[in-house]
Structures are given as C-alpha cells and as structure tokens.
Amino acid sequence: MPTPYDEMWEKLNLDLDAHEQLLQVLGKFYGDIYLSQEGRLKGMEYLDFVLSEVHGLRIKELQEAKAQGRRVIGTFCVFVPEELILAADGVCVGLCAGAEIGKEAAEKILPRNTCALIKSFVGFKLSRLCPFIESCDLVVGETTCDGKKKAYEIFADYAPVYVMEIPQMKQACDRELWRAEILRFKNKVEEITGRTITADKLKEAIRLVNARRRVLQRLNELRAAIPTPISGRDVLLINQVSFYDDPVRFTARIGELCDELEKRVQAGEGIVPAGTPRLMLSGCPMAVPNWKLPYIIESSGAVIVGEESCIGTRNIRDLVDESGQSLEEMLDALVDRYLRIDCACFTPNVERLEHIVQMARDLQVNGVIHFALNFCQPYAMEAFKVSRALEKAGIPMLALETDYSMEDVEQLKTRVEAFVEMVR
Ligand code: BJ8
Numbered sequence: 007m008p009t010p011y012d013e014m015w016e017k018l019n020l021d022l023d024a025h026e027q028l029l030q031v032l033g034k035f036y037g038d039i040y041l042s043q044e045g046r047l048k049g050m051e052y053l054d055f056v057l058s059e060v061h062g063l064r065i066k067e068l069q070e071a072k073a074q075g076r077r078v079i080g081t082f083c084v085f086v087p088e089e090l091i092l093a094a095d096g097v098c099v100g101l102c103a104g105a106e107i108g109k110e111a112a113e114k115i116l117p118r119n120t121c122a123l124i125k126s127f128v129g130f131k132l133s134r135l136c137p138f139i140e141s142c143d144l145v146v147g148e149t150t151c152d153g154k155k156k157a158y159e160i161f162a163d164y165a166p167v168y169v170m171e172i173p174q175m176k177q178a179c180d181r182e183l184w185r186a187e188i189l190r191f192k193n194k195v196e197e198i199t200g201r202t203i204t205a206d207k208l209k210e211a212i213r214l215v216n217a218r219r220r221v222l223q224r225l226n227e228l229r230a231a232i233p234t235p236i237s238g239r240d241v242l243l244i245n246q247v248s249f250y251d252d253p254v255r256f257t258a259r260i261g262e263l264c265d266e267l268e269k270r271v272q273a274g275e276g277i278v279p280a281g282t283p284r285l286m287l288s289g290c291p292m293a294v295p296n297w298k299l300p301y302i303i304e305s306s307g308a309v310i311v312g313e314e315s316c317i318g319t320r321n322i323r324d325l326v327d328e329s330g331q332s333l334e335e336m337l338d339a340l341v342d343r344y345l346r347i348d349c350a351c352f353t354p355n356v357e358r359l360e361h362i363v364q365m366a367r368d369l370q371v372n373g374v375i376h377f378a379l380n381f382c383q384p385y386a387m388e389a390f391k392v393s394r395a396l397e398k399a400g401i402p403m404l405a406l407e408t409d410y411s412m413e414d415v416e417q418l419k420t421r422v423e424a425f426v427e428m429v430r
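Residue numbers for the sequence shown follow the working numbering, beginning at 7 and rising by one.
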C-alpha cells in the first residue's frame with residue numbers, strides 16, 4: 007500500500023518491498039505484545055504513536071534537520087557521549103538492531119555464530135531496510151566486544167564508520183586512554199558537523215541529556231512501587247524509544263507520563279494481581295523490536311520491575327557532573343561519568359555484581375532472569391559471577407541464552423514458568 011513516505015524511503019535507497027514487509031511484521035508484533043495489554047497508562051499512547059511513525063515522521067524530522075545543515079550521527083553503544091554530538095548541533099540516534107530480518111544477508115559475510123545484535127545491524131544495512139542507518143552521516147562503533155569490533159571493520163565498507171576505543175579496565179592509565187578517545191571523538195564530531203564545541207554548548211547538552219536521564223530515573227522510582235503500576239514491557243519500550251526520539255520532546259512527554267503514574271501509585275493501583283512475582287531482567291541490551299523475553303515473562307504470571315541493562319538502568323544511573331565551567335572541566339566530567347558504565351566487556355567488573363544485588367534488593371524482587379544473546383561471551387560468561395553474587399544474597403536467578411528467532415519460544419516459556427512457580 008502506498009504511504010506518504012514512499013518517496014523519502016526511495017530517496018534513502020530502501021528496498022521498498024522488503025521494508026513494507028518489515029513494517030507489517032513489526033505492526034503485528036507490536037499489536038500482539040503491546041496493544042493487547044490491559045490497564046495501560048494514557049501516556050503510553052505517545053509511545054504507540056512514536057513506534058507507529060518510527061520509520062515515518064521521525065525519519066522526516068531527520069531529513070529536515072539535515073536540510074538545515076545539521077548532521078545525523080548513529081551509535082550502537084551507550085559509551086558514545088551523546089553530549090558531544092548535541093553540543094555540535096548534531097542529531098544522535100541509537101541504531102536499534104533488535105530484529106532478525108536481514109539475518110541471511112548478514113550470514114553471507116559474518117560467521118553464523120555471531121550474536122543476533124551484530125547480525126541485525128549488518129543485515130539491516132545489507133538488506134537496505136533501515137532508514138535510520140541510511141540517514142546517518144556517521145556511524146560510531148566502539149571496541150567493546152570482539153564481535154562488534156571486527157564487524158565494524160566489515161561494516162565500514164558499506165557505511166561511514168568511526169570507531170572509539172573503549173578501555174577494558176578502569177585503572178589510571180585506562181582513564182588517560184579514555185580521555186584521549188573522548189578528545190579524538192570531539193574533534194571528529196567537529197569535523198563532521200563543521201561546528202565548534204564551545205563550553206556553553208556543551209553545558210547545554212550536558213543538561214539536556216541529564217534531564218532525560220532524570221525523567222527515566224523518576225520513572226524507575228515510580229514503577230518500583232508495590233503493587234506494580236506499569237508493565238515491564240512498557241518501561242522497556244520507553245527506554246528503547248529514548249534512543250531515537252527528540253530528547254527535549256521525549257523528556258517532556260515522559261514527565262507527563264510520570265505524573266499520571268504518580269497518581270496511580272498514590273491511589274495504590276496496580277496492573278497485576280497482588281502477590282504476582284516481581285522479577286528483574288539483567289544482561290544484554292534489548293533493542294527494538296526484541297520484546298520476546300519480556301513478553302514470555304509477563305505472560306507467565308510474573309511482572310518485570312527492573313532492567314539491569316544498557317536499555318535500562320545502566321544507561322541512566324549516572325548523571326554527568328553539571329558543575330564544570332570550562333570546556334576542560336566538562337570533558338573531564340564526561341570522561342568520569344562514562345567510565346562508570348559497568349558493561350561486561352570490562353575486567354574485572356565487580357561494580358556490576360554490586361549494582362545487580364543492590365538493585366534486586368531495592369526493588370524487592372523474587373528473582374532475577376539473566377539474559378545473554380547466543381554467542382555473547384562477555385554476558386554469558388559473566389552470568390556465572392552474577393549467579394554467585396545473587397546466591398550469596400539469597401536471590402534466585404535463572405540464566406537464559408537466546409536470540410531474535412521465535413523457534414525457542416515454547417522452550418523458554420517452559421523454563422520461565424518453572425522459575426516463576428519456584429519463586430512464587
Ligand atoms: S556498554 S552492553 S551497549 S557494548 S550482545 S554486541 S556485547 S556479543 S551490546 Fe553493549 Fe555498549 Fe556494553 Fe552496553 Fe557484543 Fe554481547 Fe553482542 Fe553486545
């Protein structure tokens with residue numbers, strides 16, 4: 007069916023037929039998983055709208071920004087300091103990589119035993135399915151896990167790629183390396199955008215991104231209430247959308263949603279019956295439209311009350327210190343804030359274990375489900391230490407490995423249901 011965006015998509019060189027199929031699958035999946043829920047907040051209509059226009063209106067906005075001389079920069083990792091992009095009047099979009107479509111194309115150039123997230127972004131590009139990637143003037147990669155690091159070398163043949171080096175430890179020399187990388191990135195952003203990052207612009211950008219983190223922190227505080235006032239699926243969606251929506255608009259709309267949620271909490275209203283097991287998710291990021299596991303969990307008699315992941319708490323826990331006045335001070339604040347990220351790519355990574363236990367206690371969960379994408383060594387290996395830390399704290403954990411396919415849904419459901427029964 008023709009849409010008002012066909013011309014734009016054609017200009018972006020999308021494969022229109024395959025793209026149409028993708029949108030249809032996405033729409034059906036969204037209807038089944040999201041719109042079927044009962045008792046959703048009115049504020050979720052905004053998220054429904056954003057999702058329905060994800061390849062339409064938002065892409066149009068990106069094209070308009072580009073026509074005004076702004077540059078669009080795509081990222082795959084929460085290590086990339088968005089503040090520097092915004093301070094140069096750039097638009098930052100988190101590239102999602104949560105769908106299986108494009109896998110066949112990806113497997114022609116990547117080993118089959120590569121994690122689904124990596125295959126997804128390569129597959130999207132090769133199959134000409136993602137208008138976000140096609141809108142990017144620069145795609146920023148990072149040396150986090152080996153799979154991503156090597157995939158960017160291949161991806162660079164198809165898109166303009168820049169790679170940031172992320173340290174693997176957190177000693178003084180690692181901080182020096184990271185500081186140098188942030189400066190190198192600042193120079194790159196200035197080169198691509200043709201703008202100079204001044205202290206005033208960076209201050210403004212730091213405040214803007216912190217404001218978005220604060221509203222998501224508020225959301226997390228409210229959703230922790232007992233009874234649970236919002237589904238885990240809805241909160242995951244809000245976090246997912248935070249990566250590509252306009253940050254000012256998103257912060258305002260989620261602020262309104264939080265006001266509504268606050269009233270619900272004050273009234274003691276929940277969306278699940280009293281006594282429903284409260285679970286926390288921990289592990290790999292779940293990019294749009296990877297809603298498989300949250301849906302399985304929440305249709306197995308449990309509710310998700312927290313996500314220890316980059317599309318969740320890890321991305322919003324720490325703010326950038328806003329007290330810096332000079333450019334140097336602000337850059338140092340960025341260095342320190344981003345180095346606090348506890349991705350499993352670090353060794354050792356004790357902070358993550360502490361954060362998980364603390365979060366599970368604060369949220370009063372009955373158990374934790376650790377999620378690793380198949381072939382993700384950092385998270386799959388770290389699951390062992392996470393389970394030991396949780397065991398010591400007396401909190402049950404179930405470790406799952408899966409991908410974006412639907413083949414293992416029944417098997418996962420059986421394991422999740424057994425876990426829910428056990429912790430009930
Ligand atoms: S800071 S979690 S966003 S790297 S799932 S591609 S690790 S093999 S995504 Fe991540 Fe940045 Fe870390 Fe966060 Fe590799 Fe694992 Fe695949 Fe992964």
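Don't be surprised by glycine CBs; every beta carbon is placed ideally from N, CA and C.
- Burial of L53 is indicated by the presence of at least 16 other C-beta atoms within 10 angstroms of its C-beta.
- E26 and N216 have their C-alpha atoms some 36 Å from each other.
- Setting aside the 5 residues that flank it on each side, V99 is surrounded in the same chain by L68, V78, I79, G80, T81, F138, S141, C142, F249 and Y250, each with a C-beta closer than 8 Å to its C-beta; the list follows chain order.
- Relative to the Cα of L267, the nearest Cα in the group I244, L228, R218 and M14 belongs to L228.
- For the 7 Å CB-CB criterion, V422 and M403 do not form a contact.
- Between L379 and C121 the beta-carbon gap is near 4 Å, inside 8 Å, which marks them as a contact.
- The set of residues whose C-beta lies within less than 6 Å of a heavy atom of ligand 1 reads, in chain order, C83, V84, F85, C121, L123, I124, T150, C151, G153, K154, C290, P291, C316, I347, C349, C351, L379, C382, P384 and Y385.
- Buried is the label assigned to S133, since at least 16 other Cβ atoms lie within 10 Å of its Cβ.
- Here the alpha carbons of V86 and T353 stand approximately 19 Å from one another.
- Within the same chain, Cβ atoms closer than 7 Å to the Cβ of A386 are found at A378 and E407, the five residues on either side in sequence being excluded.
- Beta-carbon to beta-carbon, L116 and I124 are separated by about 7 Å, close enough to satisfy the 8 Å threshold.
- Bridge partners of F377 according to DSSP: G289 and L406.
- Proximity of the segment 339 to 355 to the segment 261 to 277 falls short of the contact definition, fewer than three beta-carbon pairs being nearer than 8 Å.
- A straight line joining the alpha-carbon of A339 with that of L92 spans about 16 Å.
- Secondary structure of G153 (DSSP, three-state): helix.
- In the three-state reduction of the DSSP assignment, G33 falls in the helix class, which pools H, G and I.
- Secondary structure of G261 (DSSP, three-state): helix.
- A straight-line Cα-Cα distance of about 9 Å links P166 and V146.
- Separation of I310 and L20 (C-alpha to C-alpha, rounded to the nearest whole angstrom) is 36 Å.
- The segment 291 to 310 and the segment 237 to 249 touch, with no fewer than 3 CB-CB distances between them shorter than 8 Å.
- A straight line joining the alpha-carbon of Q370 with that of K154 spans about 35 Å.
- E210 counts as exposed, since fewer than 16 other C-beta atoms from the protein chains shown sit within 10 angstroms of its C-beta.
- Separation of the CB atoms of A293 and G104 is rounded to 3 Å, and the pair is thereby assigned contact status at 8 Å.
- Contact between the segment 312 to 325 and the segment 276 to 291 is present: 3 or more CB-CB pairs across the two stretches fall below 8 Å.
- About 6 Å separates the CB atoms of D95 and T199; that is less than 8 Å, so the two are in contact.
- Membership of Y250 in any beta strand (DSSP E) is not indicated, and neither H nor E is assigned to it by DSSP.
- Shortest Cα-Cα distance from V278 to any of N245, Y11 and I232 involves I232.
- Annotation: C179 is outside any beta strand (DSSP E); the continuous alpha helix (DSSP H) that includes it extends over A178 to T199.
- In the structure shown, E313 falls within a strand segment according to DSSP collapsed to helix, strand and coil.
- I212 places its beta carbon 7 Å or farther from that of V341.
- When Q417, D324 and Y158 are compared, the shortest CA-CA separation from I302 is found for Q417.
- The beta carbon of E196 sits closer than 8 Å to those of A94, T202 and I203, all from its chain and outside the five residues before and after it, given in chain order.
- Put simply, the backbone Cα of D414 is about 27 Å away from that of C351.
- Going by beta carbons, A24 and L183 fall outside the 7 Å limit.
- Taking C-beta separations shorter than 6 Å and ignoring five residues to either side along the sequence, the partners of P253 in its chain run L214 and R218, following chain order.
- C151 sits away from P300, with the two beta carbons spaced by 7 Å or more.
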